[in-house]
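In the numbering used here, the protein residues as written are 206 to 323. Down below is the structure, laid out as structure tokens.
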């Protein structure tokens, strides 16, 4: 059974509260479509912040596996949503290959596109 629209929105809200940047951004899409500007902006800003935090965790390790390529993808997604991540990305560009950077660019665009689909 396909979950109702209300159930899906409730799930996205709960996931966004737990710090899921994908849910925060996904939640902003339908809110923007119905004209809830303040709530849209709040969720989009949360997604930016959460993606930067995710990038930091993946870049530094901090109890997680250090994954520079995934960190770069998170920083790119945050940048596409309006966050300033040039400095963080520049430090990762020194250790990533051209192929990894290009792959991260494609992944960031694909993830945001997938999340924006209703």
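We treat Cβ as the ideally placed atom computed from N, Cα and C, and that holds for glycine.
So does the segment 221 to 233 actually touch the segment 245 to 261, counting three or more Cβ pairs closer than 8 Å?
A contact is defined here as three or more CB-CB pairs under 8 Å, and the segment 221 to 233 meets this definition with respect to the segment 245 to 261.
Please state whether the Cβ-Cβ distance between residue 297 and residue 277 is less than 9 Å.
Contact: yes.
Give a yes or no on contact between the segment 272 to 286 and the segment 295 to 314, applying the rule of three or more CB pairs nearer than 8 Å.
The segment 272 to 286 vs the segment 295 to 314: in contact.
According to DSSP, simplified to helix, strand and coil, what is residue 272?
In this structure, DSSP gives residue 272 a state outside helix and strand, which the three-state scheme calls coil.
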